[in-house]
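*Asks:*
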Amino acid sequence: WIWFFLIMNLAVGGTNSYFQDNLLNSKKPWTNSSPQAALDFWNSHSDWPPLLGRRKCCPPG
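Numbered per mature numbering (1 follows the signal peptide of the UniProt record, and there is no 0), the sequence shown spans residues -17 to -1, 1 to 44.
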């Protein structure tokens, strides 16, 4: 038997250096050293492309 596993991951706001701080296409809205990377990501929601769904809602928390 051959076993394999497929792992799908959504990496948004991660600080494990999966996304480098010096991206070539555009600057990401958080830094890997930020203690509040998820909040930094959320606070930039007005800059998100339309495909991420710009919802008018209350911030988390």
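Every residue, glycine too, gets a C-beta built ideally from N, C-alpha and C.
#1: For residue 75, count neighbouring C-beta atoms within 10 Å of its own C-beta (all shown protein chains included) and say buried if the count is 16 or more, exposed if not.
#2: What does the Cβ neighbour count give for W(-15), buried or exposed, with the cut at 16 atoms within 10 Å?
#3: Rounded to a whole number of angstroms, what is the C-alpha to C-alpha distance between P32 and L(-12)?
#4: Using the C-alpha atoms, what's the distance from D30 back to N(-9)?
*Replies:* In terms of the structure at hand:
#1: Here the chain comprises residues numbered -17 to 44, so residue 75 is not present and cannot be evaluated.
#2: Exposed.
#3: Those two C-alpha atoms are separated by around 28 Å.
#4: 23 Å
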